[in-house]
Amino acid sequence: MKQYRNIATFVLVGIFLFSGLIKLNDPIGTQLKLEEYFEVFSVDFPWMAGFWKLLIPQALLFSIGLSSAEIVLAIALALNYKTKKTLYSFVGILIFFSFLTFYSAYFNKVTDCGCFGEAIKLTPWTSFGKDIFLLILTLSLFLTDKIKQSRATGKWVIASALLSVGLGTYCYFYLPLQDGLPYAVGQHIPSNMKNREDLKFSYIYKIDGKDVELAEMPTDPKAEFVSMQAINEKEARPLITDYRLWIDGDTTDYTQKIFSGDHLLVIVPNVHHARLAALDTISQLAKTVKIPVWLVSASSDADVNALRHEYQLAFPALSADTKVLKTIIRSSPGLWLISQGTVKGKWSAYRLPNADEIQQHIKQ
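So in our numbering, spot 350 of the sequence shown is number 351, and the numbers just go up one at a time.
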């Protein structure tokens, strides 16, 4: 029983620590996922639509709060701090996560639950199974002597709470410490837009009245084709599928143009939800940096032009999908430096570079 208790504790602590740290590293990613859930619930539960819409602006607080709670609970369980209350807290948060993942899986609403951020993609049903497994594991600890090992002192638990909130806050202002997205520094965007491997197919042919699955097309002229399907579609799929830049009414392929030479892109997904004060600094930077600068936004042309006029942004604007822009950089505005298609640098609105720093990154 002691060995089981230790193994169960180790599994719960390890998974909660990993999950919490991954999400605190990218609090905006978790925020966007929570906003997606709240939007879905506001439609599916119209009698509570007002409540869910009230939660949308608070999604960032929920993001950092829930992720920090995972860390705190893991530390508390590892140290046997108020074990009974800690286990009840585990049960509560796992029931909450189980509801989200079951709803995603059963109703096919949110196809990626974001349980482990962008690090590990799980299908909704896999995520739900994981949550149920952890819930059973937690409940089983009530049957062991785990709750008898409770300690009252909680200085390390308090410290973990402060450090967790601090980590999430830092990554919100200054970008994730570890960027696992396909637009990260060092990534070659054109390569990420290509298939990662050749597609392989399986073929179903009717031979002698029976359906037979083949790896290659048969040479038998009597074989009757039934169907074919890709067997490695997920593995072959490009890391980037929806990246595109354009100007309405302009036939120039700006997506490819940006892959040639050096370019600094000022990313502002929504001009109404951005730290606009940073644009004054960016406007001055654009005058000194010796490479083309572009403003990229998903807002309307009228809103973008009004923004350019107000902040004297003397460089052209491009349009892009809002989800793509929020994936490129977790800041608005944010700077994205690209050279010959390779990402050379990313900066948040709270830590902007100077012209010399940009040139140094290009040479790296």
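Ideal Cβ placement from N, Cα and C applies to all residues, glycine included.
No experiment lies behind these values; they were computed from the predicted model shown.
Cα-Cα separation, residue i to residue j
{"i": "V294", "j": "A185", "result": "19 Å"}
{"i": "A162", "j": "G66", "result": "9 Å"}
{"i": "L265", "j": "I16", "result": "39 Å"}
{"i": "L215", "j": "V305", "result": "54 Å"}
{"i": "I363", "j": "Q59", "result": "38 Å"}
{"i": "Q367", "j": "S333", "result": "Outside the displayed span of the chain (2 to 365) sits residue 367, for which this structure offers no information."}
{"i": "G250", "j": "I137", "result": "58 Å"}
{"i": "K345", "j": "Q365", "result": "8 Å"}
{"i": "F63", "j": "Q32", "result": "7 Å"}
{"i": "Y104", "j": "C114", "result": "10 Å"}
Neighbourhood of residue i by C-beta, 6 Å cutoff - its chain only, sequence neighbours within 5 removed
{"i": "I330", "result": "I268, W337, K347"}
{"i": "S228", "result": "I205"}
{"i": "L135", "result": "L95"}
Coil, strand or helix - residue i by DSSP
{"i": "H189", "result": "strand"}
{"i": "Q365", "result": "coil"}
{"i": "Q4", "result": "helix"}
{"i": "V290", "result": "coil"}
{"i": "S298", "result": "strand"}
{"i": "L80", "result": "coil"}
{"i": "Q313", "result": "coil"}
{"i": "I339", "result": "strand"}
{"i": "K195", "result": "coil"}
{"i": "S1", "result": "Here the chain comprises residues numbered 2 to 365, so residue 1 is not present and cannot be evaluated."}
{"i": "I248", "result": "coil"}
{"i": "G346", "result": "strand"}
{"i": "D212", "result": "strand"}
{"i": "I133", "result": "helix"}
{"i": "D263", "result": "strand"}
{"i": "I94", "result": "helix"}
{"i": "Q360", "result": "helix"}
{"i": "F369", "result": "Residue 369 lies beyond the residue range present for the chain, which begins at 2 and ends at 365; the question has no answer from this structure."}
Chain C contact for residue i (CB, 8 Å cutoff)
{"i": "L13", "result": "Absent from the structure: chain C. Only one protein chain is present."}
Neighbourhood of residue i by C-beta distance below 7 Å, restricted to the same chain and skipping five residues each side
{"i": "W157", "result": "I76, L80"}
{"i": "I241", "result": "P183, I190, N193, M194"}
{"i": "D221", "result": "I208"}
{"i": "F316", "result": "A287, V294, W295, L296"}
Selection from the options that minimises the alpha carbon distance to residue i
{"i": "D263", "options": "G250, T343, V227", "result": "T343"}
{"i": "S203", "options": "G210, P219, G30", "result": "P219"}
{"i": "G118", "options": "K85, K24, L56", "result": "K24"}
{"i": "D180", "options": "V14, I29, A9", "result": "I29"}
Close Cβ partners of residue i (< 8 Å) along its chain, the five nearest in sequence each way excluded
{"i": "F108", "result": "D45"}
{"i": "L88", "result": "L78, T139, L142, F143, K147, I148"}
{"i": "E37", "result": "V111"}
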